[in-house]
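Those sequence lines, one after another, are chains A and B.
Heads up: the first sequence begins at 26 in my numbering, then just goes up one per residue.
Heads up: the second sequence begins at 43 in my numbering, then just goes up one per residue.
Even for Gly, the Cβ is constructed at its ideal location relative to N, Cα and C.
The structure presented is a predicted model; accordingly, all values stated were derived computationally and were not measured.
Heads up, the thing below is written out as structure tokens.
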Amino acid sequence: MIEIKDLHKSYKMGSNSLHVLKGINFTAESGELVAIMGSSGSGKSTLLNILGMLDEADSGDYTLDGVPIKNLNETKAAKYRNKFLGFIFQSFNLINYKSAMENVALPLYYQKIPRKERQERAMKYLEQVGLKEWAHHLPSELSGGQKQRVAIARAMAAEPKVLLADEPTGALDSTTSYEVMDLIQKINDEGNTILVVTHEDDIAHMCKRIIHLKDGVIEKDEKVTQVRASQYV
Amino acid sequence: MFDIERWQEIFETIRKNKLRTFLTGLSVASGIFILVILLGFGQGMQNGIAQEFEDDASNRIVVWTQVTTKEFKGLNPGRSIQMRNGDYDHIETRFADQLEGRSARFRVPNAMVNYKKESVGYSVQGIHSGYQQIENQYMSQGRYINYEDHRNVSKVAVISNTIKREIFKNGDDPLNEYLDISGIKFKIVGVYGDRGGEREEERIFIPMSTAQRVFNGSDRVNNLYYTLKPVENLDQAVAESMKFSNDMKRYLQEVHTVAPDDDSAINVFNTLEEVKRFFNLISGIKMFFWFVGICTIIAGVVGVSNIMLIVVKERTREIGVRKALGAKPWSIVGMILHEAIFVTAISGFAGLIFSMGLLEVFGPYIEVDYILNPSVNFNVALSTVFVLIFAGAVAGFFPAWRAANIHVIDALRDE
Ligand SMILES: Nc1ncnc2c1ncn2[C@@H]1O[C@H](COP(=O)(O)OP(=O)(O)OP(=O)(O)O)[C@@H](O)[C@H]1O
Ligand SMILES: [Mg+2]
């Protein structure tokens, strides 16, 4: 599903440049649930953003679902993002003037799905994350956990092949974090590929595989026995 | 444009961003409002002044002659030009369907006026019956000089109220009394008044034919007086009267062998010319109003551009989110412009309708000197709205395009 080879990325800051990713090699099969760990500043978000086509690598190969991702123009990139990828951000990134349901329906708007169907599908996903009653509330009227669940519903609504979550539980307390992880596990159970960036060991162990980033390379790549989040909620 | 989904998306955005929409709309609507009101008053001033002049119906044309100043066809300058009955008759026939009033005038030279051995110093002038209307004289007693008097070469005279007061001191009836003018008896048949003042009433009028024949005038005349038939609007009146003046002047120049560029031999004074000068002043004022109006519109455009910049800046993160969800750059630009154009159009038309309605309803009641029924050309106002919409769109395009093309990751990072 995801295949990257010798990926490099550096940021230029004035005259000196900061080499963040120094040759990442990594493959993820369809249906995997991968945690990406590493100290702050180790380049986790950078990697995830490149995988999500939100950012571009300096060099290296990236193949997503058999499609080489290279030198894409904005329009093409937009199409792939819409078709292949779903994002879950630490800061939720919901549109503040749109209700929960409208937020969830938004990626479907860009898939040119008719309004009626959009709303039905949005409601379906909201129901899955347990927020059916909150469908018509604005993000400002929701708790952090609820917001993240709306964001998850939104990421799933487009039925992407890969879900990318950058510290989805970073802004949540542990109980809510487990609720969110429970959702992510359930989505994974249905066969979706999911990459989760996290700082927390317990969250990482709710995945099936953990990648440790250090000094711009993968330091350790291990399979783990998944801890089910449902037992904590 | 006809994408119903996008319309829905835009309505949602507008509904949920009322303040932003309101501010954009307000700046557009007030720009249009100010422009329309200004233009309306410009037109109102023009209407008002037109009315002042139309009331007077002062379309009087007077001809007088002096000496030539230019050599022409072998004739030396310094020749004095004398108009004759033939000139008057010719003009009367040639311009018959344009003329309303007409009269020639002959001033009796060195007239000695006596009433019962008492000598009084008044000017005696031979005129045609049309002179009364041209000078706006009214009758206090009796009648004016008429065509019969002229044809019969009658020895009749019309005196003024002022003359009556001075000669008939004890209130005697002047009618049918006789005046002695240079030794010849004239019967007084009427007393006229002239609102033009004392000086205008220092004159005794007798028939043209009598004046010429009895006082050795031969067929000489001093002046020609004309008024033209009224026409619908002032512009047309001015145009026709100017044409008449010129044609007549050319004719007289030809007959009297005067150089066409000799402007002092034959003089034509046309009161409408004054009116025209006034109208030029009005167009100056209107131009100024246009200038102010256009400045207002420019201010409006700048306002719209500013708002667009702020809107785009404010929405950078949202644009990032939309792009992360699969929005193409053009759809972002389209969305922002579509909203901007929609808001400018609606508020532009609102400003237009409101201001035009205001002019329509209250315009007729405005009672200020020189302002009458301010109104504005609908097409002009409409075009301004379109200009504003277009300018707003252009001004909004660049920030929108830039925002749509920044990297998603940078847009998302924007706080
Ligand atoms: N746009 C940028 N310009 C310059 N430097 C950047 C930029 N984005 C990230 N960096 C730098 O790259 C390095 C990696 O950043 P990244 O966000 O990937 O770290 P991270 O592993 O996600 O850290 P955290 O756990 O704190 O989120 C950091 O040192 C950061 O300062
Ligand atoms: Mg990070």
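Chain A contact for residue i (CB, 7 angstroms cutoff)
| i | result |
| --- | --- |
| Pro371(B) | yes |
| Leu367(B) | yes |
| Lys58(B) | yes |
| Glu381(B) | no |
| Ile378(B) | no |
| Ile76(B) | no |
| Glu356(B) | no |
| Glu402(B) | no |
| Ile349(B) | no |
| Glu360(B) | yes |
| Val363(B) | yes |
CB of residue i within 7 angstroms of CB of residue j, strictly
| i | j | result |
| --- | --- | --- |
| Arg147(B) | Gln167(B) | yes |
| Asp207(A) | Ser255(A) | yes |
| Val78(B) | Ser397(B) | yes |
| Thr338(B) | Gly73(B) | yes |
| Val175(A) | Lys69(A) | no |
| Ala307(B) | Thr110(B) | yes |
| Gly195(A) | Gln115(A) | yes |
| Tyr234(B) | Ile176(B) | no |
| Ala387(B) | Ile431(B) | yes |
| Ile352(B) | Ile361(B) | no |
| Ala458(B) | Leu379(B) | Residue numbering for chain B in the displayed model covers 43 to 457; residue 458(B) lies beyond these limits and cannot be assessed. |
| Tyr164(B) | Glu244(B) | yes |
| Ala178(A) | Leu151(A) | yes |
| Ala180(A) | Met126(A) | no |
| Thr201(A) | Gly155(A) | no |
| Ala253(B) | Leu221(B) | no |
| Ile230(B) | Pro216(B) | yes |
| Asp80(A) | Met26(A) | no |
| Ile413(B) | Gly90(B) | yes |
Chain B contact for residue i (CB, 7 angstroms cutoff)
| i | result |
| --- | --- |
| Asp90(A) | no |
| Asp83(A) | no |
| Tyr87(A) | no |
| Tyr150(A) | no |
| Ala178(A) | no |
| Asn50(A) | no |
| Ile209(A) | no |
| Glu99(A) | yes |
| Ala103(A) | yes |
| Ile212(A) | no |
| Asp31(A) | no |
| Arg106(A) | yes |
| Pro164(A) | no |
| Ile120(A) | yes |
Helix, strand or coil at residue i [DSSP, three-state]
| i | result |
| --- | --- |
| Arg357(B) | coil |
| Phe112(A) | strand |
| Met62(A) | strand |
| Gly499(B) | Beyond the ends of chain B as shown, which are 43 and 457, falls residue 499(B); an answer cannot be given. |
| Ser42(A) | strand |
| Leu367(B) | coil |
| Ile448(B) | coil |
| His380(B) | helix |
| Val385(B) | helix |
| Pro193(A) | coil |
| Arg193(B) | helix |
| Ile187(B) | coil |
| Val221(A) | strand |
| Arg102(B) | strand |
| Asp97(B) | With a pLDDT of 48 at Asp97(B), under the threshold of 50, the modelled position of this residue cannot be trusted, and the question is left open. |
Bridge-paired residues (DSSP) for residue i
| i | result |
| --- | --- |
| Phe114(B) | Leu117(B) |
| Arg149(B) | Gln167(B) |
| Arg237(B) | DSSP lists no partner for Arg237(B). |
| Lys69(A) | According to DSSP, Lys69(A) bridges with nothing at all. |
| Val375(B) | BP columns for Val375(B) are empty, so no partner. |
| Ser35(A) | His44(A) |
| Leu79(A) | The partner list for Leu79(A) (beta bridge, DSSP) is empty, contrary to what the question assumes. |
| Glu28(A) | Thr52(A), Thr88(A) |
Legend entry - Whole runs of the beta strand (DSSP E) within the region 152-185 of chain B, excluding any shorter than 3 residues: Whole beta strand (DSSP E) segments, 3+ residues: 155-157, 160-162, 165-169, 179-184.
Inset, instruction - Jot down the residue ranges of each uninterrupted beta strand (DSSP E) in the region 251-333 of chain B, minimum 3 residues, whole runs only, in chain order. - result: Inside the region 251-333 of chain B, DSSP marks whole beta strand (DSSP E) runs of 3 or more residues at positions 265-270, 308-312, from first to last along the chain.
Inset, instruction - Counting only runs of 4+ residues fully inside the region 91-157 of chain A, write out the alpha helix (DSSP H) ranges in chain order. - result: The region 91-157 of chain A contains these whole alpha helix (DSSP H) runs: 99-109, 125-134, 140-153.
Inset, instruction - Entirely within the region 401-443 of chain B and at least 3 residues each: give me those beta strand (DSSP E) ranges in chain order. - result: Listed in chain order, nothing qualifies, since the region 401-443 of chain B has no complete beta strand (DSSP E) run of 3 or more residues.
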